[in-house]
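Chains as they are written, first to last, in the numbering used here: chain B, 97 to 275; chain L, 2 to 109. Below is one structure, written out as structure tokens; the observations come after it.
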Amino acid sequence: MLRIHLHSHALGLAAAFMLAGATMPVNAADAPTDPQIAHIAYTAGAIDIEAAKQALKISKDAHVRAFANDMVRDHQAVNDKALALVKKLHVTPEDNDTSKALTKQADAERAKLAKLSGAAFDKAYVDNEVAFHKTVDDALSTTLIPSSSNAELKKLLQTGLKIFEGHLKHAEHLASTLK
Amino acid sequence: MRTQWRSTAFGLLALLAGCGVGMAGAAVRVTIADLAFSPADITVKAGETVEWVNNDFVDHTATAKNGDWDVMIPAGKSAHQKMTKVGTFTYFCRVHPDMIGTIHVVND
Numbered sequence: 097m098l099r100i101h102l103h104s105h106a107l108g109l110a111a112a113f114m115l116a117g118a119t120m121p122v123n124a125a126d127a128p129t130d131p132q133i134a135h136i137a138y139t140a141g142a143i144d145i146e147a148a149k150q151a152l153k154i155s156k157d158a159h160v161r162a163f164a165n166d167m168v169r170d171h172q173a174v175n176d177k178a179l180a181l182v183k184k185l186h187v188t189p190e191d192n193d194t195s196k197a198l199t200k201q202a203d204a205e206r207a208k209l210a211k212l213s214g215a216a217f218d219k220a221y222v223d224n225e226v227a228f229h230k231t232v233d234d235a236l237s238t239t240l241i242p243s244s245s246n247a248e249l250k251k252l253l254q255t256g257l258k259i260f261e262g263h264l265k266h267a268e269h270l271a272s273t274l275k
Numbered sequence: 002m003r004t005q006w007r008s009t010a011f012g013l014l015a016l017l018a019g020c021g022v023g024m025a026g027a028a029v030r031v032t033i034a035d036l037a038f039s040p041a042d043i044t045v046k047a048g049e050t051v052e053w054v055n056n057d058f059v060d061h062t063a064t065a066k067n068g069d070w071d072v073m074i075p076a077g078k079s080a081h082q083k084m085t086k087v088g089t090f091t092y093f094c095r096v097h098p099d100m101i102g103t104i105h106v107v108n109d
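As structure tokens, then:
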């Protein structure tokens, strides 16, 4: 029963991730567990690092490259903290439908971007960064933070949210300067 | 006796720095914690230095909105900038633009 609940919740969260701006109702009965939350948050960070590395390979725009470098540095710092925390708490991050859906969607997006270059790539990358950070910030504030039970994990997610809100603002500003 | 005087002087200096008001030769300190500059609004005299101490685990910048200066403040480290021009300067972090501070630079 519990398994079915978790499964349906994870699918719901996955759907929320795929539809930028969608919100997830938080229900104590089917909230994701801390090991699942840790895995989702880490996966989201790893995805953004991969996207930034692709941008550093393809883009020649100084502002886009600076943004991508910021993303690699910040998301790596957050993920390093997350890894240290799960180790300290003896928690094993648990793969789940949301993480899988995130990875699948990111792989498709990277394949799409790989076919672009120049200004078209820059615009697609930055637009995707805006959408991705909106979705992640939304999932953090509506589902992941309220569902986390460990205080240290909750605090790290809250700090992560502040950092990613900054990224969203930065990406939106950058997007407004690209044609 | 001498030690006592010295510690009092240090205490006074720390107190003044804590008020966010500059003193000749001393840097005015702004602490960064949990993605915020504190104090977010400071007053210094022209020629004085502002020091940012970054207690966060991510790097930040203190970037003047008018482009006059752009200071990198690595995670867990500090950085400083001398304020030479009189005026009110708004600054922000380039990576996390919600972080905003103001420096009023006044005549000595």
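Don't be surprised by glycine CBs; every beta carbon is placed ideally from N, CA and C. Remember, predicted model here, so these are calculated numbers, not experimental data.
Secondary structure at B:H171: helix, using DSSP grouped into helix, strand and coil. Per the DSSP secondary-structure output, B:I133 pairs with nothing in a beta bridge. Taking 8 Å as the cut-off, the beta carbon of L:A34 is found closer than this to the beta carbon of L:D57. By the neighbour-count definition (other C-beta atoms within 10 Å, threshold 16), L:D71 is an exposed residue. DSSP places B:V232 in the helix class (H, G or I) of the three-state scheme. Membership of L:T91 in the beta strand (DSSP E) is indicated by the continuous run G88 to F93.
Non-local C-beta neighbours of B:H263 in its own chain, meaning closer than 6 Å and more than five positions away in sequence, comprise H229, ordered along the chain. Of all residues in the segment 39–69 of chain L, only F58, V59 and D60 come within less than 7 Å of chain B when Cβ atoms are compared, listed by chain position.
Bounds of the beta strand (DSSP E) holding L:S79 are S79 to K83. Using a Cβ-Cβ cut-off of 7 Å, L:A76 is close to A173 of chain B, given in chain order.
Beta-carbon to beta-carbon, L:V59 and L:R30 are separated by about 20 Å, too far to satisfy the 8 Å threshold.
Interface flag for L:H105 against chain B is unset, since no Cβ pair is found closer than 8 Å. The residues V187, S244, S245, N246 and L249, in chain order, have a CB closer than 7 Å to that of B:D130 in the same chain once the five nearest residues on each side in sequence are set aside.
Contact annotation: in the segment 75–101 of chain L, residues whose CB is within less than 8 Å of a CB in chain B are A76, C94, R95, V96, H97, P98, D99 and M100.
Contact annotation: L:A47 and L:T91 have beta-carbon atoms that are not nearer than 8 Å. For L:H61, DSSP records a beta bridge to L:I74. Looking only at B:K258, B:L252, B:F217 and B:H269, the smallest Cα-Cα distance to B:K156 is reached by B:F217. Counting along the chain, the unbroken beta strand (DSSP E) around L:D42 starts and ends at D42 to K46. Around L:D35, the beta-carbon contacts reaching into chain B at under 8 Å are T255 and K258.
Listed by position along chain L, the residues whose Cβ is nearer than 7 Å to that of B:R169 are D60. For B:K250, no CB of chain L lies under 8 Å from its own CB, so it is not counted at the interface with that chain.
Each residue's CA atom was taken as its position, placing B:Q172 and B:K211 some 26 Å apart. The residues K46, A47 and G48, in chain order, have a CB closer than 7 Å to that of L:D109 in the same chain once the five nearest residues on each side in sequence are set aside. No Cβ of chain L is located within less than 8 Å of the beta carbon of B:H159.
The C-alpha of B:I143 lies about 7 Å from the C-alpha of B:A202. Straight through space, the alpha carbons of B:Y138 and B:L181 are spaced by roughly 12 Å. Annotation for L:E52: no alpha helix (DSSP H) segment contains it, though the beta strand (DSSP E) segment containing it runs T50 to N55. In this structure, the alpha-carbon of B:M167 lies about 15 Å from that of B:D233. Ranking L:V106, L:G68 and L:A63 by CA distance to the CA of L:A37 puts L:A63 first.
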